[in-house]
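Protein chains: 4
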Amino acid sequence: PRAREAGVTVGILEPGPLNAITDVAGVTVGQVTLPRSRAVNTGVTAILPHGGNLFQDKVPAGFVAYNAFGKFMGSTQIVELGEVETPILLTNTLNVAEAGAAAVEWTLAQPGNEDVRSVNAVVGETNDGLLNVIRGRHVTIADARRAIDSARSGPVAEGAVGAGAGTVAFGFKAGIGTASRKLPAALGGWTLGVLVQANYGGVLTIAGVPVGVQLGRYDYRQQVEDRKADGSVVIVIATDAPLSDRNLRRVAERAFAGIARTGSSFSNGSGDYALAFSTAQAVRRTTDRRKDVASVQDLPNDRISPLFQATIEATEEAVLNALFKAHTVEGHRGTADALPLDKVLPMLKKAR
Amino acid sequence: PRAREAGVTVGILEPGPLNAITDVAGVTVGQVTLPRSRAVNTGVTAILPHGGNLFQDKVPAGFVAYNAFGKFMGSTQIVELGEVETPILLTNTLNVAEAGAAAVEWTLAQPGNEDVRSVNAVVGETNDGLLNVIRGRHVTIADARRAIDSARSGPVAEGAVGAGAGTVAFGFKAGIGTASRKLPAALGGWTLGVLVQANYGGVLTIAGVPVGVQLGRYDYRQQVEDRKADGSVVIVIATDAPLSDRNLRRVAERAFAGIARTGSSFSNGSGDYALAFSTAQAVRRTTDRRKDVASVQDLPNDRISPLFQATIEATEEAVLNALFKAHTVEGHRGTADALPLDKVLPMLKKAR
Amino acid sequence: PRAREAGVTVGILEPGPLNAITDVAGVTVGQVTLPRSRAVNTGVTAILPHGGNLFQDKVPAGFVAYNAFGKFMGSTQIVELGEVETPILLTNTLNVAEAGAAAVEWTLAQPGNEDVRSVNAVVGETNDGLLNVIRGRHVTIADARRAIDSARSGPVAEGAVGAGAGTVAFGFKAGIGTASRKLPAALGGWTLGVLVQANYGGVLTIAGVPVGVQLGRYDYRQQVEDRKADGSVVIVIATDAPLSDRNLRRVAERAFAGIARTGSSFSNGSGDYALAFSTAQAVRRTTDRRKDVASVQDLPNDRISPLFQATIEATEEAVLNALFKAHTVEGHRGTADALPLDKVLPMLKKAR
Amino acid sequence: PRAREAGVTVGILEPGPLNAITDVAGVTVGQVTLPRSRAVNTGVTAILPHGGNLFQDKVPAGFVAYNAFGKFMGSTQIVELGEVETPILLTNTLNVAEAGAAAVEWTLAQPGNEDVRSVNAVVGETNDGLLNVIRGRHVTIADARRAIDSARSGPVAEGAVGAGAGTVAFGFKAGIGTASRKLPAALGGWTLGVLVQANYGGVLTIAGVPVGVQLGRYDYRQQVEDRKADGSVVIVIATDAPLSDRNLRRVAERAFAGIARTGSSFSNGSGDYALAFSTAQAVRRTTDRRKDVASVQDLPNDRISPLFQATIEATEEAVLNALFKAHTVEGHRGTADALPLDKVLPMLKKAR
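Chains as they are written, first to last, in this note's numbering: chain A, 1 to 352; chain B, 353 to 704; chain C, 705 to 1056; chain D, 1057 to 1408.
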């Protein structure tokens, strides 16, 4: 079950109807999981901010690296220009190049882009090297293009799927998770959705309960630094609120507060990145608006705090969904067990 | 009682003997609380990295602004040069200038500094305008100099004292808090201490228990954005580990994970800053080392993660100490109640 | 004479009518020079972005530290919120606190600000310790308030005046300088003005001619690092173009290209900061706009490059004006000669 | 001829014996130019910081994006960890992915890297779309691997070669250029070398002489913003000085002062990046040093300024070399003429 179906409530705000990033109208998600074996547990997840020509009608965006032991591609241009112009792809650490090539090729091939000669591909990654023979670099450009082409609205598959096929968090199988929040009308009524690729460690904490300690499985337990460079979390945040790129960056930064609440220790080897974009038409950088002085809407600084709270909550819940929905996966260097909900749910119940 | 005395345990690492920033050898703290009235609830807290000439023998330092609705003074030079050369002062928002002047005057007056013509004063602040007539700008240069001069090792006063005399967190009286962690020998054996000036909001969470919700007192409860620009938290972190300024910045960044776990929503109006420094002689920027190529020690990236965990835990516990030790204060625009431990402790007990 | 009056042309764009920051409508400048002696050569320069209530009607702003061996106050909030809400003050290194206190007091005292309890004072500085007994900390809060109160539109005094009373550049007396550019209509027709407080070193280059070498006066000439921590340049840029805070940051960054062309070596001891703001009504953060979603204008990324060129040119010319207009000043540790135009102008003529 | 051979002197410091990045001992450069046609004018340039196992023995590094309309790969990890662990590759904008894949594959294949599962590929690019059918994405992984494998010490080919095969600067054919400076013993005796991939615009200025204006070829001449997103410059800086990653970042930042002096307007569409690394054994992050607290050397802040000056000068001269050495190239959308030295050299002579 997803966390909320299992009775876990995170925060004080309500989720949207799907409790997914696709609650933000227009956002679509596509995932390709490579045929699974002990050697291959990897894939690609694609998030498209809207269904039009992403390059011609760019979306404002903000980016934050909390701990940047990672290979996120495309970040400097996002920050400089405050915008995203391609699908956002997630994959494994050693296939960033293939995903990047796919984003470029796909963009060049879109109708209307015949004269495009510069494309800022955006690719995040985490390291699935425990379960996946990552040195094999299995993901192809074609795989990544299929992920883009398969993007749909509606519910999003979670757990050991797409770019989460082989990822592990807190010693358990994790992967892709998503969640959303819909603000009450008095706070603006905006929708904000989050998708995570969870692959990090620390002391697993669910709704405040230190489950990792109670299960006897957490970092530093052996008083040995045994974490390696294979942790990471990439967080993608969508909202329909008309935010400037500066305020989108601030939204992105709050995602790490949600990660913190799950018990992350943000270790040296973790690549922790967040990218937030707005789907609001009133801030979209259309061909027309990019020609000359144009009018845009702006939610002022003083009204943004509820979106920060929504980001924190949805990020925390997205991680829990990644863990709750993942199944046990056997890989080439070990096995990642699913979170033992039979033990965990009673712990959570006892604490309430 | 402090949180730990009341039975609250945070994290998996052990505190130092004082469970205070002063567990880091050489660090001293001085605090001046202005004579209290309904109109005046403010003061100054000073942290000195070592007992020598701070300007001549600078300490490497790292700085992070998580949400920078605040008036932190001295940050750009800290980042550029990677060092602190004065006492670190905390006070209220509208007296940053006076504290800064005090740091300058004190530095100019130290023996050996007769030729000094440039001083980078470091001042953090939060807004105590609920309890304090902050527009009165009560803190004088002399007050701030007394805080520096009174700095001592040993236990640190917590709660409504010094720069925390008038601050409020999660709707309760808060103020200054401190805590520390001593790593086991296998993880390096380093000590890391934290001091916070806590003055922010969100949904109070103690050791994972959503106490704020259970008490019915938390932000957004009225579905109204009623938070104003008076939240903030400033976090000072000391360690005896031989860290580069880059890794000190990374340590500073982890403090916000501890803040996140207390339930902060990092709202727009919050000024959330962290400053970390190393007291290790092997990295100190002495007059000799600043003359020519010199040898320094360096704890490598791969060994730093336990210090990140220590920072997260000590920061969370320092905030709890600020809340647990503060007493009710009546001020000019309202009263900030002490945290009702009679209600809170049973909540915590029930959750365990 | 100013540089242009002496026949020096910088760049390819035309200046505004005053060739000053005050060509940007609404911008005013006030300067206080302390009564001069061998011991006292210092002062304050104030720039006001508009004539209304700056705190209630904030201006979007961008900030860049190129080399941050300096004490610029207020930068973190400018970056986080993308705005300036007070006068911008310049003074000497050890009087930043007094200027900051003045900005706070002045803001609290403005009609309409009776409930203000948080003010982000913005103060830049350079070190005039060669000509001024800087340890005397001569500038008072009252001096700085007078600078604000005396702000006027129209021509701006240059050279050894205000915050430039005691500053030195390239070994010659420098100080305050200003210049502007007015874009042709086809490039937007915007006006952009710059004011500098010049106090730095390198190899003086005027319109490309290495005058410093020809005069035999430049850094590293003795192959000795004899530069100390007293160089710096602070650059304030105003424009009437409707820019986002992100694009104002980009404008600010270009100022250093202008500084580079004057021969700066951006040495370790230099505090090199730039702050850019927009006076456009269409982006002003008025009380109304700060209440809820509001409409603002935005000059898109693709149309901004001419403003970058304007910034580079106006900054270079402003520095030249600071040098050309300064007179010789005798101070307590030495004398700073005026640039010997009798020798320099022929060098420039020969090169053309 | 190279600029210096043609009588152009830049700055006040002396070059090294080769006046190239390879003056820094251990640094090698490899270049692959694809077989040339009207449709194909592109290639790859590889810089290797040392001849050992780059992944096991990493070099400290600093990175700066001045204007980040570009696709630089690998920057976030460089900044977080302060190091480079692969060859540094330059290519065209739409082949970053292929160069990145090559850096990954080459690293995985090195002896001693059999267990490596995370590689931070570093790739810079500029847009050669005027002369090259960039949408054809001609560069293959094999091409990029050949560039790495062909890296050698000694003189470096300049102009229309490698990653500079198709680039254009100031309207003239440019490409790869290099230069160096050797500090006098009194300033430390260090060597610093620069390599640029020059592809940007503005008003060409050679040794201070506004050659672009005199030739009647410069940006904004038509008072039309006709610059597109195809400008850029990537700058790689090597030094044998024992610098921290923080001070390497500061070195990198100075490169843009050199670019400024060539007349760059740092337009919106430019991707201007600099990466600096140290080859000093005393700061190399060897397998041993990465295990536990280790001793490293550090050139202090107070001694670094001459390296800043060296960076500025070598960068300016490297750009001139790129222009002076490039030959006319006919491409698919136009022709880029070589700089007409027959006209330019007399202009320079006249100005001296």
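Yeah, the Cβ is synthetic: ideal placement off N, Cα and C, and Gly gets one too.
These figures come from a predicted structure and were not determined experimentally.
Pairwise C-alpha distance: residue j and residue i
i, j, result
"asparagine 620(B)", "phenylalanine 324(A)", "32 Å"
"aspartate 128(A)", "arginine 250(A)", "29 Å"
"leucine 446(B)", "alanine 1241(D)", "50 Å"
"threonine 178(A)", "alanine 883(C)", "53 Å"
"alanine 509(B)", "leucine 370(B)", "12 Å"
"arginine 579(B)", "alanine 998(C)", "Any reading at arginine 579(B) is ruled out, since the residue's pLDDT is 44, under 50, leaving its predicted position unreliable."
"tryptophan 190(A)", "phenylalanine 522(B)", "25 Å"
"lysine 1229(D)", "alanine 1159(D)", "28 Å"
"threonine 1196(D)", "glutamate 80(A)", "29 Å"
"arginine 4(A)", "glutamate 14(A)", "11 Å"
"arginine 181(A)", "alanine 257(A)", "16 Å"
"lysine 350(A)", "alanine 978(C)", "57 Å"
"alanine 581(B)", "glycine 840(C)", "Below a pLDDT of 50, predicted positions are generally treated as unreliable, and alanine 581(B), at 42, falls in that range; the measurement from the model is reported next regardless. Cα to Cα, alanine 581(B) sits roughly 36 Å from glycine 840(C)."
"serine 779(C)", "phenylalanine 767(C)", "7 Å"
"valine 565(B)", "leucine 700(B)", "13 Å"
"valine 1265(D)", "valine 1290(D)", "24 Å"
Per DSSP, cross-strand counterpart(s) of residue i
i, result
"isoleucine 910(C)", "Val913(C)"
Under 9 Å between C-beta atoms of residue i and residue j
i, j, result
"proline 306(A)", "leucine 215(A)", "no"
"glycine 1210(D)", "threonine 1078(D)", "yes"
"glycine 30(A)", "threonine 126(A)", "no"
"valine 1267(D)", "leucine 1260(D)", "yes"
"leucine 896(C)", "alanine 1014(C)", "yes"
"leucine 48(A)", "isoleucine 88(A)", "yes"
Extent of the continuous alpha helix (DSSP H) run through residue i
i, result
"proline 1402(D)", "1397-1407"
"isoleucine 148(A)", "141-149"
"glutamine 1133(D)", "1131-1137"
"isoleucine 1368(D)", "1361-1381"
"threonine 191(A)", "Unbroken run through threonine 191(A) is the beta strand (DSSP E), 191-199; no alpha helix (DSSP H)."
Chain D contact residues for residue i, given Cβ-Cβ distances below 7 Å
i, result
"arginine 598(B)", "Gly1138, Asp1301, Arg1302"
"valine 29(A)", "Simply none; closest approach about 22 Å."
"threonine 205(A)", "In chain order: nothing, as chain D lies at least about 25 Å away."
Proximal residues of chain D, C-beta to C-beta of residue i below 8 Å
i, result
"glutamate 957(C)", "Tyr1122, Asn1123, Phe1322"
Where the beta strand (DSSP E) containing residue i begins and where it ends
i, result
"lysine 182(A)", "176-182"
"glycine 747(C)", "747-752"
"phenylalanine 1333(D)", "1326-1334"
Closer than 9 Å to chain F by CB, residue i
i, result
"arginine 1173(D)", "In the displayed structure, chain F is absent; the protein chains listed are A, B, C and D."
Residues that residue i contacts on chain C, provided the C-beta gap is smaller than 9 Å
i, result
"glutamine 297(A)", "Val997, Ala998, Ser999, Val1000"
"arginine 303(A)", "Arg994, Lys995, Asp996, Val997"
"proline 300(A)", "Arg989, Arg993, Arg994, Lys995, Asp996, Val997, Ala998"
Chain D contact residues for residue i, given Cβ-Cβ distances below 9 Å
i, result
"isoleucine 134(A)", "Arg1173, Ser1174"
Per-residue contacts from residue i into chain B (C-beta, under 7 Å)
i, result
"proline 1298(D)", "Val645"
"phenylalanine 776(C)", "Thr428"
"leucine 738(C)", "Near leucine 738(C) there are no residues of chain B at all, since even the closest Cβ is about 17 Å away, more than 7 Å."
Proximity test, residue i beta-carbon vs the ligand GDP heavy atom, cut-off 8 Å
i, result
"valine 1178(D)", "Ligands in the displayed structure: none, and consequently the ligand GDP is not present."
Partners in chain A for residue i, counting only beta-carbon separations shorter than 9 Å
i, result
"leucine 1145(D)", "Neighbours of leucine 1145(D) on chain A: none; closest Cβ ~11 Å, over 9 Å."
Contact set between residue i and chain C, taken where Cβ atoms lie within less than 7 Å
i, result
"leucine 1376(D)", "Per Cβ cutoff of 7 Å: no residues; leucine 1376(D) is ~14 Å from chain C at best."
Within chain C, partners of residue i - CB distance below 8 Å
i, result
"alanine 526(B)", "None at all; the shortest Cβ gap to chain C is about 18 Å."
Neighbouring residues, chain B, relative to residue i (Cβ below 9 Å)
i, result
"phenylalanine 324(A)", "Correct list: empty, because the minimum Cβ distance to chain B is about 18 Å."
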